[in-house]
Amino acid sequence: MIVGYARTSTVDQEAGLEAQERDLRAAGAERLFTEKVSSVATRDALRDALDFIREGDTLVVTKLDRLARSIRDLMTVIDAVKSKGATLRILAMNLDTGTATSNLMIGVLGSVAEFEREIMLERQREGIAKAKAEGKYKGRAPTARRKAPEVHRLLSDGLTEAAVAEQLGISRSSVQRIKRKSA
């Protein structure tokens with residue numbers, strides 16, 4: 043059986059997810075596992091796909107970066123696939139772990155992808171540091187702090203921290219932080 047896995051980092055990338063699903067179906071995927079989570083978050087659909095595959099199956103992804111965030115992560119996924127007697131296929135690279143050459147290429151390309159990501163993060167950190175030094179970077183706007191008066195009002199009305207957080211669309215820890223700062 044051909045099993046497809048698709049992932050986007052944010053819910054705003056609906057078109058990207060649809061494109062992946064289309065490509066996976068075109069590749070013959072009979073069962074799809076999809077999710078909208080960052081690669082550093084817990085990827086439940088990937089875990090479910092790895093649990094689902096059986097001997098002789100092929101797990102198919104459109105691109106390497108949809109599957110793994112580092113070479114270590116990639117090798118963990120490949121090991122999980124192989125332990126089930128299945129293979130991994132990456133459409134964009136036309137690679138399949140069923141061959142020694144493809145395994146070598148996946149390792150090399152995974153290392154290059156990880157290197158590129160580290161370089162990008164380094165540049166991002168440098169840019170933020172430069173912007174901070176020039177007084178141009180202020181960071182993310184503190185959305186929860188702006189809601190402090192509403193938090194206090196709702197708490198004084200007898201609502202629980204969880205209920206206040208849900209009603210205002212902020213986290214419970216933000217409610218607790220606002221409470222502490224006013225105490």
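Each residue of the sequence shown is one higher than the one before, counting from 43 in our numbering.
For every residue, glycine included, the Cβ atom is placed at its ideal position computed from N, Cα and C.
For ALA128 against VAL119, the beta-carbon gap comes to about 11 Å, at or over 8 Å, which does not count as contact. Of the candidates GLU56, ASP93, ARG219, ASP93 places its Cα closest to the Cα of ALA122. CA-to-CA, the gap between LEU197 and ALA183 works out to about 23 Å. As computed with DSSP, TYR47 is found in a beta bridge with PHE75. For LEU101, the beta-bridge partners assigned by DSSP are VAL45, LEU130. The alpha-carbon separation between GLY211 and GLY200 amounts to approximately 18 Å.
The continuous alpha helix (DSSP H) containing MET147 extends over residues 142 to 175.
Here the alpha carbons of GLN55 and GLY46 stand approximately 18 Å from one another.
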